[in-house]
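Student: Numbering (this note's numbering), first residue to last: 1017 to 1879.
The beta carbon of each residue, even a glycine, is placed where N, CA and C say it ideally should be.
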RNA sequence: GCCCUUGUGGUGGAAUGGUAGACGCGGCGGACUCAAAAUCCGCUAUCGAAAGAUGUGGGGGUUCAAGUCCCUCCAAGGGCACCA
């Protein structure tokens, strides 16, 4: 027994060294053992870890250590998502080379992660900016090209004028670049695309099989893919004078049932028809210019304003001879969806309604609730799903339901050969070209003779040149004096390298597979992948719910098509953890203040150095801009990694946000000390076996120990860390009480040792260093990492006596202790004797007597 | 606008349709101490002296029984957004 405090500063590095030297976390394929692959989203090497990393990697580590103890062969690797703009910004701002900056950051963050005591297999570490990683990416891209998964097309792209690069649709948020925040412009550029839309249907369908993903994420992906079933058909066109034109207008619609309510057609400003008409119409030229200048961003402000420009062309109604619909170019019609044009049915669509009101077009209701007077004529009627709605004013469709009408219209178009049923998706192909330096070079050569030539695989990797400058905007690779000038590998002509690099989302779309065989000469070794894939548990922030996770799901399929991987869904189970939030402090002038500079005096906050009063702002996600950050390194230095880990798991459920508080950290630190004291005290109670009958006191503690163990096992299996921690507190409390008993008997002494053992093993996944120290104190010679998770005895988990609550008319009136599993009639007799029951019955007759075995009794009385 | 999630003590949060508030923080009281820190013990939803009554965002419903299921409204958070 010792009265000394637990010294994390001394113990933690010692155990980290032991784990490292014993190489116990290095995973080796072993087909005779069940595997478990746990992965946290790998970090961008920004330079320092933040609390979000601590939370993310702690959760993963608890799972990894728990599964290891349960007998699984665990793979728990770590790497670096190391390409990207911040490295180039550092180069431009501070003159440091992106490569040097990145690798220094990796070294610093690796040290920090190691100080957390994570059970990582560092022998599999990888960095995406390393040629040994990206050469395989290049090889796979070439294979993707051959497999028809790559397309180069001139397209209207999102151009970020600050970063001087193209952004994917997914990277444009509210019309602004996701990184720079600059208003995005439209430009036409030849770009590389990965054909993710080839898999739209499959990526959507397979979401149903991802039962261990949060429903929220699946729903977000479903909406993003955006499948809709509709009809594509053609209108005949005529000019002002009714002369049939030699072309048709093909539209896509999901509401072909409302065809009789159509009163106009509208095409996008970029539509071919609008382009052609503008050749002879200066007003239209101006209109088109206006629309494109508006861009995606300003449109938010102008949203309500629906504008159109009549083309002087008319569409003939397919079912009403003599009826014609004016065709407009309109600002609210998107070129990128369907055919880039629509027919408008103002009575049943808000936008069409607005447009029709503005331009004085007819508004004819064609669907209405059955047997109900027509709707308010001042508003469009947008019906709800499943309501009892029928067609009206619609000729041969009158009286049909919406579904019937759709069928009928589609059938008529198909019979006439002027239309077909069609499924449309919102998902676009993935533009992967970036005009940046710090990324994986696209392994392609442009030859004036052979055109596009993939770099021969024997010439891979195409290595980024290091002698580049960052003194002007744009792509440094384009400015490099020699790098891009090469001979064509096919014909030997003077040719040029592609200077675009890949979107960094490609790097992170397959790293999970590379971890299976990080040193292999092929992207992924088949045997290793067959053993380790899929990732059994993936953990990360919900901000990646769409981009990263959808790209990864696509990439796995593309790798399947090119025989690099044999697993479609890379992440069997997904967990999205909440953020770490903190109070914000502000000076009078609005400047944000770091929490370390804020001090509490007499109930008010002041700046520690200047003494200025501070105002407390909201509790928000830790961010550099608001300065409400706590540096994990200083927390680990003062409290130890175990305390930081414990705090990250306590109190808040893991999917919810957690607020970092000094008091909470202090509380976690006190508990580590308490565990240390309890275990030391318990270790004094012999170590012998106990054979014989356990007394009541011993049995009671034993029950708590085994029950806690069962509960913690269950909670850890389902990632309910906060509940597991509550159970551990309970056992610690029970053990503390038992230790306070004067002169415990031999049976109690045995149970105290057993409880201390259980307790230590139970908190070991969360506080691994402390657990190893405690385990040693308890006299064990093999470390915790080599100790199996204990199994609770079934007989001790259930009581043979249960407390049954007694209700009268649903209100709790009394309770009674009875033997478990007592027959209903016996329970009734016993319950009727209770004082509380008699009082509540007040002599009234019992109508019904409900017994839920071993839980509750409800006596229903009249009156 | 559409879709989703969440509303429980002073506070973070527990609760297979079956005793609401486990466990932690905070608070109050006590022990130890010359004293403090640390530690340990007890109490801590609200009203009430008690019996009891009330109580899981508001209103309604299903049920012997509702925080939990259904309808509706309100609030907060998130996602998508001229997607035809």
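Pop quiz: residue 1054 and residue 1087 are said to be a contact at Cβ under 8 Å. What is the actual Cβ separation, rounded to whole angstroms?
Tutor: Wrong, their Cβ atoms sit about 15 Å apart, outside the cutoff.
Student: Determine the DSSP secondary structure at residue 1094, reduced to helix, strand or coil.
Tutor: strand
Student: What is the residue span of the alpha helix (DSSP H) that residue 1655 lies within?
Tutor: 1648-1655
Student: By the 10 Å Cβ neighbour count, where 16 or more other Cβ atoms means buried, how is residue 1642 classified, buried or exposed?
Tutor: buried
Student: Would a C-beta distance cut-off of 8 Å place residue 1169 and residue 1273 closer than the cut-off?
Tutor: no
Student: Quick one: what's got a C-beta closer than 6 Å to residue 1031's C-beta in the same chain, skipping five residues either side?
Tutor: Excluding its 5 nearest sequence neighbours in each direction, residue 1031 has C-beta neighbours in its own chain below 6 Å: 1785 and 1788, listed in chain order.
Student: Tell whether a beta-carbon distance below 8 Å holds between residue 1498 and residue 1450.
Tutor: no
Student: Leaving out the 5 sequence neighbours to the left and right, which residues in its chain are closer than 6 Å to residue 1215 when beta-carbon positions are compared?
Tutor: 1570 and 1573
Student: Alpha carbons only, please: which of 1172, 1028, 1033 and 1043 is nearest the one belonging to residue 1544?
Tutor: Comparing Cα positions, the closest option is 1043.
Student: If you compare alpha carbons, which of 1877, 1754, 1833 and 1255 is closest to residue 1701?
Tutor: 1754
Student: One question on the structure: do residue 1597 and residue 1637 come within less than 8 Å of each other, judged by their Cβ atoms?
Tutor: yes
Student: Buried or exposed, going by whether 16 or more other CB atoms sit within 10 Å of the CB of residue 1259?
Tutor: Taking all protein chains in view, the Cβ of residue 1259 is surrounded by fewer than 16 other Cβ atoms within 10 Å, so the residue is classified as exposed.
Student: Have a look at residue 1039 and residue 1669 and give me their C-alpha separation to the nearest angstrom.
Tutor: 32 Å
Student: By the DSSP assignment, the alpha helix (DSSP H) with residue 1069 in it spans what residues?
Tutor: 1067-1085
Student: Looking at the structure shown, is residue 1712 part of a helix, part of a strand, or coil, going by DSSP?
Tutor: helix
Student: To the nearest angstrom, how far is the alpha carbon of residue 1800 from that of residue 1654?
Tutor: 25 Å
Student: Expressed to the nearest angstrom, what Euclidean distance is found between the alpha-carbon atoms of residue 1873 and residue 1815?
Tutor: 18 Å
Student: Excluding sequence positions up to five away, which residues of its chain have a Cβ less than 7 Å from the Cβ of residue 1130?
Tutor: If we look at residue 1130 and ignore the five residues flanking it on each side, its Cβ neighbours are 1032.
Student: When you compare only the Cα positions, how much space is there between residue 1314 and residue 1321?
Tutor: Confidence is the limiting factor: at residue 1314 the pLDDT is only 43, short of 50, which leaves the residue's position unreliable, though a coordinate-based value still follows. About 12 Å.
Student: Within 10 angstroms of its Cβ, does residue 1507 collect 16 or more other Cβ (buried), or is it exposed?
Tutor: exposed
Student: Taking the C-alpha atoms as reference points, what is the distance between residue 1062 and residue 1279?
Tutor: The C-alpha of residue 1062 lies about 56 Å from the C-alpha of residue 1279.
Student: By Cβ distance below 6 Å, which residues in the same chain neighbour residue 1316 in space, the five residues on each side in sequence not counted?
Tutor: Any reading at residue 1316 is ruled out, since the residue's pLDDT is 47, under 50, leaving its predicted position unreliable.
Student: In whole angstroms, give me the CA-to-CA distance for residue 1880 and residue 1429.
Tutor: Only positions 1017 to 1879 of the chain appear in this structure, which leaves residue 1880 out of reach.
Student: Identify which residue in 1868, 1133, 1469 and 1771 has its Cα closest to the Cα of residue 1752.
Tutor: 1771
Student: Once the 5 residues before and after residue 1462 are set aside, which same chain residues still bring their CB inside 7 Å of it?
Tutor: 1468, 1511, 1512 and 1514
Student: Where residue 1136 and residue 1232 are concerned, what is the direct C-alpha to C-alpha distance, given to the nearest angstrom?
Tutor: 29 Å
Student: If you follow the alpha helix (DSSP H) that residue 1588 is part of, which residue opens it and which one closes it?
Tutor: Run containing residue 1588: none; DSSP gives neither H nor E here.
Student: Can you give the Cα-Cα distance for residue 1257 and residue 1500, rounded to whole angstroms?
Tutor: 58 Å
Student: Identify the continuous beta strand (DSSP E) that holds residue 1171 and give its terminal residues.
Tutor: 1166-1176
Student: How would you label residue 1556, buried or exposed, when you count the other beta carbons within 10 angstroms and need 16 or more for buried?
Tutor: Flag for residue 1556 reads buried.
Student: Ignoring anything shorter than 4 residues or poking outside the segment 1498-1558, list the alpha helix (DSSP H) runs there in chain order.
Tutor: Inside the segment 1498-1558, DSSP marks whole alpha helix (DSSP H) runs of 4 or more residues at positions 1520-1523, 1527-1530 and 1542-1548, from first to last along the chain.
Student: Between the alpha carbons of residue 1863 and residue 1825, how many angstroms are there, rounded?
Tutor: 10 Å
Student: Let me make sure I understand the geometry here. Which of 1565, 1581, 1606 and 1607 has the alpha-carbon closest to that of residue 1589?
Tutor: Among 1565, 1581, 1606 and 1607, the Cα nearest to that of residue 1589 belongs to 1565.
Student: Compute the beta-carbon to beta-carbon distance between residue 1093 and residue 1531, rounded to the nearest angstrom, for a pair I have assumed lies under 8 Å.
Tutor: 4 Å
Student: By how many angstroms is the C-alpha of residue 1270 removed from the C-alpha of residue 1362?
Tutor: 15 Å
Student: Any contact of the segment 1323-1337 with the segment 1234-1246, i.e. 3+ C-beta pairs under 8 Å?
Tutor: no
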